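Same order as they appear, the protein sequences are chains A and B. The first sequence maps to residues 19 to 567 in the working numbering. The second sequence maps to residues 5 to 684 in the working numbering. Ideal placement from N, C-alpha and C gives every residue a C-beta, glycine not left out. In this text the structure is predicted, and so the values were computed from the model without any measurement.
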Amino acid sequence: MTLDPVTLAVLQGRLEQIVDEMDATLFRSAFNPIIAEAHDASHGIYDATTGATVAQGSAGLPVFVGSMAGAVALTIDAANASGGPSEGDIWIFNDPYRGGTHLNDMKLVQPFFVDGDLFCWLASVGHYTDVGGSVPGNYNPAAVESAQEGVLIPPMKLRDRGVLRDDVVNLIRSISRVPVNAYGDLQGQLNSLHLGTARFTTLVDDFGATTVAEGFSELTARAAELMRSRIAGLPDGTYSLDDHLDNDGNTDELIQVALDLTIDGDEMVLDFSRTSTAVAGPVNISRSTAIAACYVALKHIFLDVPANAGCLEPIDIRIPDGSLLDATWPRPVAGYTETILRVMDVMFGTLAEADPAISNGSSYGTINALSIAGAADPDNRWVMFTFYGGGLGGSPVSDGLNHGNAPLSTATIPPVEVLEASYPVRYTRWSLRPDSGGHGEHRGGLGAEYEIELLDEAADVFVFGDRARVGPPGVVGGGAAATNDIRFIVDGKEIVPDLGSKAIGVVLQRGDRIVMSTPGGGGYGNRADRTDSDIERDLRLGYVTKTEQ
Amino acid sequence: MTNSAGIVIGIDVGGTFTDIVKVDEATSEVQIAKVPSTRGDEASGFLRGITTVVDDVSSVSAIVHGTTVGTNAILERKGAVTGIITTAGFRDVLEMRRRDRPSTWGLWGQFVPIIDRDRRFEVPERTGADGSIVEAVDLSAVRQRAAELLDAGATACCVSFINAHANADNERAAVAAVRTMWPNAHVTSAVELLSEIREFERTSTAALNAYLQPVIGDYLEHLELSLGEHGFNGSFLIVQSNGGVMTSTAARALPVRTALSGPAAGVIAAAHLAGAAGHHNVITCDMGGTSFDVAVIANGATVTSAQTSVDFGLVVRTPMIEISTIGAGGGSIASVDEGGILRIGPESAGSVPGPACYGRGNDRPTVTDAHLVLGRLNGDVPIGGLECLDQDAAVDAIDRYVGHPLDLDTDEAAAAVLRVATSRMAGAIRLVSVQRGHDPSEFIAMPFGGAGALHVCGLLADIGLSAALIPKYPGVISAFGATIADTRHDLVQTVGQTVAALSGDDLAAKLAAAEEELRAFVSDADLVFDGIAVRHELDMSYVGQTHTVVVPLDDVDQIDSTSVLHAFDTAYRATYGRTLDSIAARVMSARSIIVGRRPKLQLNSSARETHSGTRSAAVRREVYFDGAWTSTPVLQRLDLPTGWTAEGPVILEQSDATIAIEPGFRAAIDDHGNVMVTTT
């Protein structure tokens with residue numbers, strides 16, 4: 019080791035600081051609430067030649083930690099194909115196949131130079147409100163090709179040697195149904211890169227480029243070492259689990275997500291070979307997204323693992339070509355969240371088999387993206403777009419959290435009063451869903467019941483959910499949680515979607531209702547070990563209504 | 005309090021110590037004291053503190069109190085047995101929160117609401133988002149539910165209805181019904197407390213208020229009785245989270261406003277002390293045993309935030325001084341992870357068992373241990389009633405947990421702990437200033453708390469701040485702030501209209517009503533003020549944005565769309581450097597603020613009280629700076645005269661804090677008794 023440990027620790031703090039400041043800058047100046055409030059964005063610093071993550075902000079969306087490395091690698095290829103990057107360049111794109119996640123996530127990637135040599139990359143990603151396609155907000159459960167989901171932008175130069183290209187800015191505005199938001203968010207991302215460049219310049223001035231470069235490789239090596247020591251603490255063996263997505267939004271057939279996790283000394287193999295091949299509907303994910311999902315699950319379990327590429331060094335992730343987890347153009351990917359959550363569920367399940375003390379039951383496993391589009395007046399259209407919550411899994415220390423957010427995200431839900439003030443709807447119920455947590459020594463957290471009444475003359479409803487067929491499983495003997503249950507009350511009659519919790523274009527009239535009962539979390543441990551006082555408390559507080567559910 | 009000179013006592017009851025500052029306005033004499041807090045029976049520590057500084061309590065004209073009793077009751081879930089009555093379909097709002105989780109990484113943990121589900125009752129009623137009454141409240145159901153709550157042993161009750169901010173009729177009727185049958189005054193109406201949109205935040209704030217009413221009520225009543233028995237007949241005031249004070253009567257009705265009382269007083273004191281010394285851009289750094297609290301003072305004004313979480317899911321929405329906290333205090337534990345990286349915190353030894361050198365059962369090294377090992381702290385004269393600090397225990401802890409894993413000797417290991425800790429604090433300062441859009445280099449630091457001044461030079465070097473100003477009594481700054489804080493109340497109302505749709509007359513009427521309510525509140529307080537001022541602000545944004553800017557309204561008699569838009573443009577340009585003219589602006593809410601200015605102490609008088617010209621005999625000790633042990637002068641800070649100056653290394657000691665001036669830095673005592681630290 020050439021760097022002293024103190025400099026290394028300080029350098030690590032400074033790098034994390036820079037990316038945290040970049041996050042804060044975008045959150046503060048973004049126009050759309052998905053970035054400003056739900057923090058569906060991320061910033062990072064990446065290796066000059068490989069694009070591997072060196073540091074990533076702590077406040078951004080967890081799933082970007084990892085997937086952005088693919089985005090930077092794509093930029094590196096694009097730059098090299100056109101004579102290499104120059105100082106002052108910035109690339110922009112939303113390609114979800116190599117860039118990760120889905121079309122709404124706009125990536126800006128900028129080279130950083132020291133004395134004329136490429137030193138590293140800075141990048142910013144944020145979820146734009148709309149990028150064209152056939153459904154506002156781009157959550158189309160019936161899509162069978164990318165073009166139906168939105169406009170795909172390959173890597174283009176947004177800024178060329180310091181000159182911002184107005185033609186590209188205009189393109190970004192013009193593909194959106196809400197060009198003002200697109201423009202405002204783009205400016206916010208440029209602000210973040212500007213600040214990141216200034217802070218990184220100071221860092222290099224303070225420490226010298228050589229020391230910073232040594233720090234990069236040393237931090238990556240340390241992260242790998244830390245991960246190896248965590249893996250070595252797990253018993254050798256292969257742990258296997260199958261779970262399922264309800265369907266692909268087109269054909270009502272279960273889709274298998276299966277993992278064989280092998281611990282061998284200080285190395286880990288995550289073998290997804292038994293997972294389904296790619297499907298027609300939008301629940302495919304790209305390879306970089308799948309890797310990010312594994313990484314996020316590991317980071318939820320091993321809390322001290324830093325956000326850099328070294329953590330994945332001792333891990334061999336096997337995904338066959340053509341898999342559900344290896345989507346290539348033009349496979350639709352808008353529902354990537356559901357598949358990420360399923361990958362994380364099998365990660366938690368297999369890790370719990372390896373060591374019951376470190377893992378937890380599955381969370382509710384679906385984001386239930388609900389879009390209500392006012393259809394009464396074509397000149398006065400409105401779209402209410404919201405994600406809903408559910409229970410988290412029981413853990414070695416306690417019951418699961420009631421009504422939490424999905425493990426891939428840190429987004430919160432808007433208040434009822436804000437939704438009602440903004441859209442012609444009334445919530446007639448917003449409560450916990452009793453009996454929805456999986457049983458166990460530590461019960462899964464409860465899902466929720468939401469009832470929404472339409473106050474406008476007419477509206478079309480779209481919903482993208484999952485877990486209607488197979489409830490979130492428990493671990494270490496814990497039970498599965500209740501399944502997702504979405505119904506529409508139309509003219510007094512109850513309609514259950516054919517595809518469970520996926521539906522498009524359900525027509526509601528004034529007074530019709532949507533009733534959503536979301537899954538809880540899977541249980542942890544055997545229910546026989548649950549204490550009498552916990553059982554009594556569950557009944558007294560109405561979390562559980564049946565003595566032996 | 006009166007305008008005539010008297011004795012004012014500021015008293016801050018913290019987790020470990022109760023700090024007292026006595027100011028005699030006639031003689032300008034300042035006296036400070038620190039006594040151990042008495043957890044669970046805060047009143048006895050409080051009275052011991054008062055009697056430490058005055059023989060005759062009847063000579064005191066005002067006692068101003070910053071308290072963490074409310075915060076502690078919340079954190080330890082020791083509030084009253086409370087019930088809630090709410091709209092049908094919404095009993096679980098408190099428990100469902102805003103669908104968040106305790107931390108970004110890691111999915112474990114639970115949320116225990118302060119009101120159990122079997123004391124959360126629904127009644128038929130509904131108000132629409134537009135204020136229309138969809139269903140009138142069923143008052144017989146309200147009465148029945150209230151009776152059931154009483155039967156269940158509830159001593160406090162909260163009423164919170166959906167959309168009550170748009171029309172409070174249903175909720176007011178229900179609250180009136182509950183109050184007629186409730187046996188005490190502990191009934192909180194959410195909309196009375198906070199007439200703002202967002203049901204979770206409003207309900208959470210109101211539920212916490214009800215939960216605290218009996219606790220704070222009993223506590224303050226006990227204090228008042230005891231003070232009365234000692235002959236006290238002056239004003240008894242409580243510091244609020246917004247940095248203003250209120251009467252103890254008001255505090256009993258609105259206890260939730262005391263949630264961050266103590267830290268807020270510290271920031272108020274810092275703003276005053278820095279302002280008096282001519283500095284108006286200040287970042288305060290309060291380092292205690294477990295945390296490092298940072299606040300920004302820009303152009304002389306503290307920054308107010310709309311809400312905070314006392315703990316996960318326990319949101320208090322009431323204007324308060326914005327203070328950011330990271331877990332890096334004197335008790336933060338240093339460790340080396342399996343990857344070989346040195347970390348400070350987040351684990352803390354707190355004040356009990358405390359650092360290894362306290363010898364109370366913790367053997368892991370803390371930041372304080374590193375200071376002791378390097379000679380920066382005087383182990384023979386520790387603060388806080390300990391006999392002396394155990395140097396050997398500190399050395400053992402540093403060696404075992406930091407030195408050996410990193411192959412460093414004791415001194416290098418301790419220096420590494422300090423460098424990493426300082427770097428974390430610097431990061432917190434940078435982040436706070438960036439989030440507020442400030443450039444740290446335009447600010448000075450004001451470190452206080454027992455440990456803040458030990459890190460001052462490292463922070464200056466790391467962040468590039470222009471200077472640091474260490475107040476005369478850095479260890480009792482919150483108590484000092486209590487003696488100078490103004491009276492302040494805020495009232496927020498939801499507007500939710502675009503500027504184009506705004507009726508100037510309606511808005512003016514709203515603001516006038518708010519002003520009337522605020523003036524009545526302050527005149528009820530039975531205090532004498534130098535002046536009372538009311539101001540109004542709007543929270544505005546462009547349609548589509550969710551973060552707002554604060555728009556001051558200069559002339560509320562002449563409000564119309566044009567004047568509001570002009571004021572918004574001015575405020576937005578000041579914040580972001582441009583306006584977005586093609587996008588509509590809207591008013592989210594209106595805030596009215598009343599400030600009753602309390603008579604100000606002569607702040608610089610406290611500097612005159614020092615002995616001038618006498619310099620204590622030069623004591624020296626070996627202190628480790630920049631990789632070497634250096635014979636370093638150790639001076640008694642309060643003995644140093646105005647105009648004294650020296651270059652580091654030098655250690656300044658006083659009873660409540662230690663200041664380390666490192667080589668490459670210069671210290672000087674200014675006209676106000678502050679130590680000014682700059683790079684040489």
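Membership of Val191 (chain B) in the beta strand (DSSP E) is indicated by the continuous run 191-193. Annotation: Cβ neighbours of Thr108 (chain B) in chain A (cutoff 8 Å, chain order): Ser76, Ala77, Pro80, Thr428.
With a 10 Å radius around the Cβ and a threshold of 16 neighbouring Cβ atoms, Ser427 (chain A) comes out buried.
Across the stretch 89-103 of chain B, CB contacts with chain A closer than 9 Å involve Ala92, Gly93, Phe94, Arg95, Asp96, Val97, Glu99, Met100, Arg101, Arg102, Arg103, in sequence order along the chain. Within the DSSP secondary-structure output, Ser535 (chain A) pairs in a beta bridge with A:Glu467, A:Asp503. The continuous stretches of alpha helix (DSSP H) do not include Val319 (chain B), which lies in the beta strand (DSSP E) extending over residues 318-320.
Using a Cβ-Cβ distance cut-off of 8 Å, the stretch 184-195 of chain B and the stretch 413-424 of chain A are not in contact, since fewer than three pairs of beta carbons, one from each stretch, lie closer than that value. Between the stretch 520-540 of chain A and the stretch 463-483 of chain A there are three or more inter-stretch CB-CB distances shorter than 8 Å, so the stretches are counted as touching.
Between Gly379 (chain B) and Tyr628 (chain B), the C-beta spacing is below 7 Å. Rounded to whole angstroms, the separation of the alpha carbons of Leu412 (chain B) and Asp400 (chain B) is 13 Å. A residue is called buried when at least 16 other Cβ atoms come within 10 angstroms of its Cβ; Met365 (chain A) meets this threshold and is buried. For Ala439 (chain A), the nearest CB of chain B lies under 7 Å from its own CB, placing it at the interface with that chain. No residue range can be given for Phe405 (chain A), since it is assigned to no beta strand (DSSP E) and is classified by DSSP as neither H nor E.
A Cβ-Cβ distance of about 15 Å is found for the pair Asp264 (chain A) and Arg505 (chain A), leaving them out of contact under the 8 Å criterion. Closer than 7 Å to the CB of Asn265 (chain A) there is not a single CB belonging to chain B. Within the stretch 335-367 of chain B, Val340, Asp341, Glu342, Gly343, Gly344, Ile345, Leu346, Arg347, Ile348 place their CB atoms closer than 9 Å to a CB of chain A, listed in sequence order. Short of 7 Å from the beta carbon of Pro128 (chain B), and not among the five residues preceding or following it, lie these beta carbons of its own chain, in chain order: Ala92, Glu139, Asp142, Ala145. The beta carbon of Ser545 (chain B) does not come within 7 Å of any beta carbon belonging to chain A, so the residue lies off that interface. Contact with chain A is absent for Arg641 (chain B), since none of that chain's Cβ atoms lies less than 7 Å from the residue's Cβ. In the same chain as Tyr354 (chain A), and ignoring 5 residues on each side of it, the C-beta atoms closer than 7 Å to its own belong to Thr119, His120, Ile303, Thr307, in chain order. Gly235 (chain B) is not bridged by DSSP to any residue. Gly431 (chain B) belongs to the set of residues whose beta carbon lies under 7 Å from a beta carbon in chain A. Counting only runs that start and end inside the stretch 453-534 of chain B, the alpha helix (DSSP H) elements of at least 4 residues fall at 453-456, 460-467, 481-488, 508-527.
Identification of chain B residues near Ala466 (chain A) by a Cβ-Cβ cut-off of 7 Å yields Met100, ordered along the chain.
Beyond the five residues adjoining it in sequence on each side, Arg399 (chain A) comes within less than 6 Å, by CB distance, of Gly392 in the same chain, given in chain order. Identification of residues in the stretch 148-160 of chain B having a C-beta nearer than 8 Å to some C-beta of chain A yields an empty set. About 15 Å separates the beta carbons of Leu422 (chain B) and Val340 (chain B), which is beyond the 8 Å limit, so they are not a contact pair. For Lys26 (chain B), the uninterrupted beta strand (DSSP E) run begins and ends at 21-28, by DSSP. Between the stretch 10-28 of chain B and the stretch 507-515 of chain A there are fewer than three C-beta pairs closer than 8 Å, too few to call the two in contact. Per DSSP, the unbroken beta strand (DSSP E) holding Ile335 (chain A) starts and ends at 333-336. Counting only the Cα atoms, Pro357 (chain B) lies some 40 Å from Arg46 (chain A). With a threshold of 7 Å between beta carbons, Glu203 (chain B) makes contact with chain A. Distance from Ala96 (chain A) to Asp38 (chain A) at the Cβ level is roughly 28 Å; contact not present, criterion being Cβ atoms closer than 8 Å. Distance from the Cα of Ser258 (chain A) is smallest, within the candidate group A:Leu279, A:Met245, A:Glu271, A:Leu244, for A:Leu279. When Cβ-Cβ separations below 7 Å define contact, Lys564 (chain A) makes no contact with chain B. In this model, Leu92 (chain A) and Gly117 (chain A) are separated by some 7 Å (Cα to Cα).
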